[in-house]
Amino acid sequence: MCAEPRAKHMKRLPFDRFFDSSTIGCRGGIWLLWKSDKLELDLIGSTEQEIHATVKVISSNLVWFLSAIYASPRAAERRILWNNLCIVADSHTLPWLITGDFNDIINSHDKRGGAPMSLSRTRAFLNCLNYCNVTDLGFKGPRFTWSNNRNLSQLIQERIDMAFANPDWRLMFSDAYVSHLPRTHSDHCPLLISFFKNQVEKGNKPFRFQKMWFNHLDFFPLVHSSWIGVEGDLSNRLNNVKENLKFWNKHSFGNVFRKKKKLLARLAGVEREIDISHSQFLLDLHKTLSQEYKAILKDEEDIWAMKSRVDWLNDGERNTRFFHVSTLVRRNYNRILRIQDANGVWTDNLEIIKGIIQQHFVSLFTTSHSDTSRVYNSGPRKIVALDDSAQTSLITPISDIEIQKTVWSFKPQKAPGPDGLHPCFFQRCWGILKEKFCGDIREIFSKKEMPKGLNDTLISLIPKIPNPEKVGHFRPIGLCNFDYKVVTKLIVRRLRPFLNDMISPYQASLIPGRNGVDNVILTQEIIHSFNKKKGKAGFMAVKLDLEKGYDRLEWGFIRKVLTFFKIPTELSDLIMSCISSSRISVFVNGFAMDDFCPSRGIRQGDPLSPYLFIMCMEFLSLSILETYDNKNWQPVKISRNNPVFSHLIFADDIVLFGRADKKTATAMVNVLSLFCNESGQCINLEKSKVFFSKNTPMSQRTNIVNILGVNETYDLGRYLGYPLHTSRVKKDDYLFIVDKMRGKLAGWKSRLLSTAGRLVLTQSVLESIPAYSMQCRALPASICNEIDQICRNFLWGEEEGKKKLHLLNWKDVTKPKYAGGLGLKEARLFNKAILGKLVWSFKRDPNTLWASSLTAKYGNDLNIKNKSSSLTWRAMVWANELVENGTIKSVYSGKETSFWFEDWTCLGTIRSLVLGPLNFGEEFLTVEQFFSQNHLFSFSLPHDIFSVIIATPLQTFVSKSDTFLWKASNDGQYTVQSAYNLAKGIGQVDQFWKWVWSLKFLPKLKFFLWEVILGIVPTRSLLFHRGFIVNLSCPFCNSEEETLQHLFRDCIVTQTFWQQAGFIFQPTSPFDLWLKDNLLRKDYHQNPSIPFSLLFTHLLWEIWLERNQVVFKNVRVRENLVSRAFNKAVEFFSLTGRIKRVQSISAPVSWKPPDQGWFKVNCDGSSLGNPGKAGAGSLLRDEMGNWIAGTSRHIGRASNFLAELWALKDGLALAKSLNVKKIIVELDATAIISAVTSQYDTNTNVKYMAIIDECMWMLKQFEQVKI
């Protein structure tokens, strides 16, 4: 609009002040209008794309900064805008709101249709936002704010109108939210930013336990009196504890925030009085108030940490501001202020919103079976039921040890139920609660009934998508009471070991030994085979979407499934009581709505629910297999020799496979209809898809689509979070990983965290988001580079337009901490290490369904590269080299292992260690032959090699085939960390670095020590050598060059600090040696009594802080530096607890003879160096203590663990040879006892399984054994 008519229009609007930006002709332009009686607005500057102003709210005197944006549609001009915003960010420190039309998106979810998202443009936009330290305010209403208004095939929609704010603005307006209003006269939606809640929310706010209460002296006595002094069941006692805590919190403990304000006011008053008159009383009072204030800050941190649901940070550093802003962001994300009803009509009335939500869930949890006495069909005949021994083990009485282990298996700050008590309450108060709590749990199992009130549940609504629009876009998570979850988890722990036999291999969810990635691999292989299908017979894959699977499950059907699997009646009754006794209240915007009783469904959040669901889904799985057996369903083969696949199930994610014909399609519909009719499940046909092999005729596709009632697709999208590729891999397929990482490592978090905090967050994000997708995919190199860039920029705080100094090369940063790095990982090598685990599983467990299918299709040689092979196979071939480099032969009998040409000692192949030719025939020597010939052959081996060889145990009683193990780990099991270290070329552990990172110091101090030891603290000397033009002189003395050694030791000002602190000064020793000597000191400072190493670290830190004050704030060196270091060291040492001095206690040790008829064997082994020169011995005595026989052995070079095993083996073999029947085994190694008394599992030390198997076999040969 041109200038003259624009002014006329502005005057017609109900504002008395306005400003508009300059335009190019009649294009572009921003209007800023306001009422002068409400706001004082001072314009700072403007361009064609932006207006900047300070805003003062007259009624409250709140002042903040506003930037109104209308970004150009041309990318080059938008980059100018991004640079301008970065300049503005450096020019003020006010709370800041940026809003308008940005003509760009921040992630791939913000665009539908048209060309894919431009990664470079989005990165530039996000870098600008990170630099400005602002976060997205989100929105309520329809997602997209702009549309090209074309027909469906050409429609493009984007979210380009947004509002962003910095943490200060979010704290100032914590209830602010953005609404997308209907699009009427424009192709854009208007944005409405509401600063405050326009409606007062009322309702029942549940009680919440606060972790800070643990710090109060009265807390545990209060819990004890509340728990012990009440009769009745568990529910009554917990209610009494809760009511007493509420009363105590209100009248005794007090409101933390009010206490903080009062303390600050008192401190300010005391400081004013101290300025006027010096008084020891005032000084002591100030010290006392300061200590109280620090305690309040810790309590405040605990509050916001629990509310923010962020649990990755280490204890010891206050991150209150970070937790506070995280809480506000999370609350704003979860708050429901606008929603559509069933007819698609938007409403923002809170009472109507609550009514819509209540009606939805009451309807959802109400049974669709009108006849509760309904008789179900007999079901499939193939169900694998529990046998008698399994049934007996399920109903054995619950022990106190089982209950205690279950209580401690929960994460301490797991979200509580209606009673508001977190698991940490029960864990910290276990000494008080244990006896009655265990008794009540046992009573529940004996009565087979859940007490009233114990099973009350809050339903928390978690958005399934960003900015949900309908109630169906929320995932209902059940928040159950902790005591109820203990009961159901006890049932799960009993039931879980039998699931592998009960559930068919076509289900992978929650079954021990199976993973969701198994299903992803098989599904991708089947889709890959579709592209190679030839002939007349086509095939199809049907991806089903179950609608509210947990919530629709009928209770009668669950009872039927429990009966079919022959779950004991006692346990079935308790399970059904757990399901049917609940009362549900939906939790909306922090308030609980009226409760109601469900008549169907199980709750997400109940530990039992996932296991009940997979048992019910097994009913469907067996029905499909029965239909296949009846020749009504023609399944799919991956290759000629492969097993057939009719379906794969992971929880409620179902994929069906079959021939693309009417018979199979009809069979699918019939099986699904019967299952849905009985179970209450409902298939969302709109979201379900069918994918056909390329040789399926179009006419056949049309017929099948009509039978199934679902749409055909050429792209199945993602399955279990993995893209299913029907053609070549594209970078865009994995941009969602980059989007997620950018969201988790947002710039505002970088500003609120120390470098140590950023390190922890970076590591947490790296090992969760991309690691999941790396399990069976080799990510494109460009994506891996993007991941590395996001991580290193966040770690060092670098943003677009503002480069930060990267103190160390990324290659070195990504080394393990014990090798001088920070423990982060290079994405590409990390990807290879994770894929190596898949290769390892393929080789170790070839009989699993996915491994046998790949073997049948490609063989088992992972060294063969084939361009036509699938993504999974190519990824495994890529990682195989790493696995082979870390694999050695594990010798059992030694018959299948070449003595010369296979690595079986961790030294490499013996042939590579010996020069010269072999005699004729010796190249075929096996390990078993070498030992059977008593180590004799043509020439002698070097002693160091021979000592390792003779320590290798071969099996003599048990004869198993030789296998292989992972040499890079201590126990022989493949681990991603050890594989990554091998790929990185990392050798042995540097004990000094291991010690540094194990220090019980604040994380930021350990990070600083890392910088000091490596010499990468950004002193002026280092900055100059990195190319920065700086004044080289020391800011303290202004005479010498500021090097690391000068700043921290040799400067005359610094030397004064060390002398005041009581350190003996030795300026002639090398700086690195001086550092290590002081860090390794074990003595204590006399007054106060704190470790010298702790004081030394705090002094280093305070010197660095003081140096920065002098450089950046141009202040003089303060004289109280040493006292500050002392105070902080004393405070930390007091809070973390003093180191307990170990006192030696003399205890008589005597040998006791065994009972009559028994023999006792005492075994012991040890090595000098671990590993080193080792020996072992054993002694057998009778009931009178008489010596019967003994053994001794020179082992060679071995570890203590192996030496102990040799001693045990020799002792058992000795007793067996003397025909002993009853034996007591005594040894001083609990690790050995655990290894030989437990069944083989993944935690066993497989490196020594050959000798462990021998010992376990011999123990079974005696009539009775005690260890």
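Letter by letter, the sequence shown follows residues 1 to 1267 of UniProt numbering. Glycine included, every Cβ here is placed at the ideal spot set by N, Cα and C.
Counting along the chain, Ala537 sits inside no beta strand (DSSP E), nor does DSSP assign it H or E at all. In the three-state DSSP reduction, His1085 falls in the coil class, being neither helix nor strand.
In this chain, the beta strand (DSSP E) harbouring Pro463 covers 456-463. Your pair Ser370 and Asp545 does not check out as a contact, with CB atoms roughly 26 Å apart and the cut at 8 Å. The segment 678-720 is shown to contain whole alpha helix (DSSP H) runs of 4 or more residues at 698-708, in chain order. Of the candidates Asn793, Ser870, Ala983, the residue whose Cα lies closest to the Cα of Glu881 is Ala983.
Measuring C-alpha to C-alpha distances from Phe1096 to each of Leu1044, Asn1108, Trp1058, Ser1150 identifies Trp1058 as the nearest.
Per DSSP, Trp408 lies in no alpha helix (DSSP H) segment and is marked neither H nor E.
DSSP places Ile1224 in the uninterrupted beta strand (DSSP E) bounded by 1222-1226. By the Cβ criterion, the segment 663-680 is in contact with the segment 618-630, since at least three pairs of Cβ atoms, one from each stretch, lie closer than 8 Å. Of Leu915, Thr848, Ser1166, Ile1188, the smallest CA-CA separation from Leu1208 is found for Ser1166. Contact check for Gly439 against Thr457 fails: the beta carbons are separated by 7 Å or more. Cβ-Cβ distances below 8 Å link Gly549 to Phe613, Ala651, Asp652, Gln681 in the same chain, with the five nearest sequence neighbours on each side left out; the list follows chain order. In the assembly as shown, Ser693 is a buried residue. Its beta-carbon has 16 or more other beta-carbons within 10 Å.
With fewer than 16 other Cβ atoms inside 10 Å of its own Cβ, Ala385 counts as exposed. Between the alpha carbons of Leu510 and Gln1086 lies a distance of about 57 Å. Collapsing the DSSP output to three states places Lys1006 in a helix. Rounded to whole angstroms, the separation of the alpha carbons of Phe498 and Ser389 is 11 Å.
If the five residues before and after Tyr818 are omitted, its C-beta is found closer than 6 Å to the C-beta atoms of Val989, Asp990, Trp993, Lys994, all from its own chain and listed in chain order. In this structure, DSSP gives Tyr974 a state outside helix and strand, which the three-state scheme calls coil. The alpha-carbon separation between Lys1152 and Phe1007 amounts to approximately 53 Å. Nearest Cα to Lys662 within the set Ile888, Ile704, Ser118: Ile704. In the displayed model, Leu824 falls within coil according to three-state DSSP, outside both helix and strand. The C-beta separation of Leu1218 from Ile1188 comes to about 7 Å, placing the pair in contact by the 8 Å criterion. If you draw a 10 Å sphere on the C-beta of Lys56, you find fewer than 16 other C-beta atoms in it, and that means exposed. In this structure, the alpha-carbon of Ile156 lies about 35 Å from that of Pro95. Exposure of Arg74 is indicated by the presence of fewer than 16 other C-beta atoms within 10 angstroms of its C-beta. The alpha helix (DSSP H) runs of length 4 or more contained entirely in the segment 884-965 are, from start to end of the chain, 910-913, 927-932, 943-950. Of the other Cβ atoms in all chains shown, 16 or more fall within 10 Å of the Cβ of Gly538; this residue is therefore buried. Asp861 sits in coil when the DSSP states are folded into three classes, being neither helix nor strand. Minimum Cα-Cα distance from Leu43 among the listed residues Lys532, Thr54, Ile683 corresponds to Thr54. Secondary structure remark: continuous alpha helix (DSSP H) runs of at least 4 residues inside the segment 166-253, in chain order: 167-172, 219-228, 234-248. Secondary structure note for Cys424: its alpha helix (DSSP H) is the uninterrupted segment 423-428. Between the segment 158-168 and the segment 97-110 there are three or more inter-stretch CB-CB distances shorter than 8 Å, so the stretches are counted as touching. In this structure, Arg1193 lies away from Ala1215, with their beta-carbon atoms at least 7 Å apart.
Phe1262 sits in coil when the DSSP states are folded into three classes, being neither helix nor strand.
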